[in-house]
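Notes follow the structure.
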Amino acid sequence: MLFFFKKTMMKVILISILSLSMSQSLAKSCSTIDLDKNNGAMAKVKPLDQGYTNTCYAHAGTVMLDAWLHSHGGDKSKQTSSVASAVFSQGSVMSAGLGNISCSAIDAIYDHGRCEKTGFDDKVWNEFADGMGESGLWTSRSQRSVKLMDLLGEIYVKPPRRRGGKNFVRRGYYSKKRKWKKENAQRANLIYCNLDAIGLSTFNSMNVKDIENALNANFKSSYLKRMVGALCGEKLTELKGKQPQCKKMMRYQHAENKTPKKFKNKIHEILENPNNPQPIGVGYCAKVLQKPAGFRGFKKGILGFVSLSTVLDADVCGLHESVVIGRKEINGKCHLKIRNSWGADAVYRNWPSDNNGNVWVDEDDFTHNMGSLTHLE
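For reference, each letter of the sequence shown is one residue, going -27 to -1, 1 to 350 in mature numbering (1 follows the signal peptide of the UniProt record, and there is no 0).
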């Protein structure tokens, strides 16, 4: 009887020790981290709203870059234009990607310049419709972004076609090209002198030479990139000096259990960096933000899908990009703090949120729905 009592007590003590050890381990591995508090890298990066444009990757990329610049001696009052970055990267505000392209938005800024949010996004959202004389027509910011791109597209005239072989050009091509460029110079002056009439008066810092250079682009996508740079005007600056590189991790084929663990470990490794931790870009199924715990959007195969239509289907996954900016324990489980791009006051039925664009999601649910991870170093 005494032996049985001792054995039972040993089990109770052992279970208590294990439970205490597990709780201490959880507390240690999920100590609260908030990069948007105090002097964190995200402290001065304001929440953004992409509307219905396909620019989540650009919002994630500009947030990562701004956090880096702010925490490495940059002007904390400045933020980068997500809309301009999307155009610099994809030549559009509606081009859908397969995730993991926040790095492409950052690289595009390195190539084309950093357009300030106050010099482009704020003007598009707050003044562009008024400039058109139809302030009530486009009620959302994203609608105004799309309308601006449509307007710019109408201004562009394609160059004459270069016919012939590799070493042969048909007679008359070069004279047509010279005529096209001459007409572009005239168009540039006409645009510059009639900014108010065509609804572009709010972009008054651009110059006629930049407009002409944009019109002389051989492709529409190149034209749009140059034209948006021209609209940014004096608010477009080149990032000087050595800039951080954007690193990537992807979900691999048939790695349903292995990859989420790698994602989780990498997220905690970056957040726990004692030397200036940075936000982490994450590509994932947006459906996880709308579903209760246990949702799994990724199944099997590369990225968990067999077709582009499936991965972009909002009812199945809805591929999306945001940034992780912290963590904390909620009800005994570790939750990641996600800075999303659906506006400061976005509400999530199944997950706690605040009025600063953040939502906390169980780390296991979130990492199992991830397809990619990006970070600056």
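Note that CB positions come from ideal geometry on N, CA and C, so glycine has one too.
Just measuring C-alpha positions, the residue of Gly64, Leu209 and Gly145 sitting nearest Lys193 is Gly64. Asn167 and Ala203 have their alpha carbons spaced roughly 15 Å apart.
When DSSP assignments are scanned along the stretch 11 to 83, the uninterrupted stretches of alpha helix (DSSP H) that are 4 or more residues long and fall wholly within it turn out to be 29 to 43 and 55 to 63. Counted as a single uninterrupted DSSP element, the stretch harbouring Tyr257 is not any alpha helix (DSSP H) but the beta strand (DSSP E) occupying residues Ile253 to Cys258. The shortest CA-to-CA distance from Asn27 to any of Ala78, Leu8 and Asp7 is the one to Ala78. Gly267 places its beta carbon 8 Å or farther from that of Val289. With a threshold of 16 other beta carbon atoms within 10 Å, Asp338 meets it and is buried. Judged by pairs of C-beta atoms under 8 Å, the stretch 32 to 46 touches the stretch 79 to 88, as three or more such pairs exist. According to DSSP, Ser345 shares a beta bridge with Met223 and Gly256. With contacts defined as CB atoms closer than 8 Å, Ser314 and Gly256 fail to qualify as a contacting pair. Pairwise C-beta distances place the stretch 293 to 313 in contact with the stretch 327 to 335, as three or more of them are shorter than 8 Å. The continuous beta strand (DSSP E) containing Lys310 extends over residues Lys306 to Arg312. Among the bridge pairs identified by DSSP, Leu173 is matched with none.
Under the three-state reduction of DSSP output, Asn331 falls in the strand class. Secondary structure of Arg322 (DSSP, three-state): coil. Among the bridge pairs identified by DSSP, Val296 is matched with Gly254 and Arg312.
Rounded to the nearest whole angstrom, the C-alpha separation of Lys17 and Leu38 is 12 Å. Around the beta carbon of His348, 16 or more other beta carbons lie within 10 angstroms, which makes this residue buried. Sequence-distant partners of Cys29 (beyond 5 residues in either direction) whose C-beta falls short of 6 Å from its own C-beta, in its chain, are Gln23, His293, Glu294 and Ser314. When secondary structure is reduced to three states using DSSP, Thr210 falls in the strand class. Non-local beta-carbon contacts of Leu262 in its own chain, meaning distances under 6 Å to residues more than five positions away in sequence, involve Tyr321 in chain order. Proximity to Trp324 across Met343, His341 and Asn304 peaks at Asn304, based on C-alpha coordinates.
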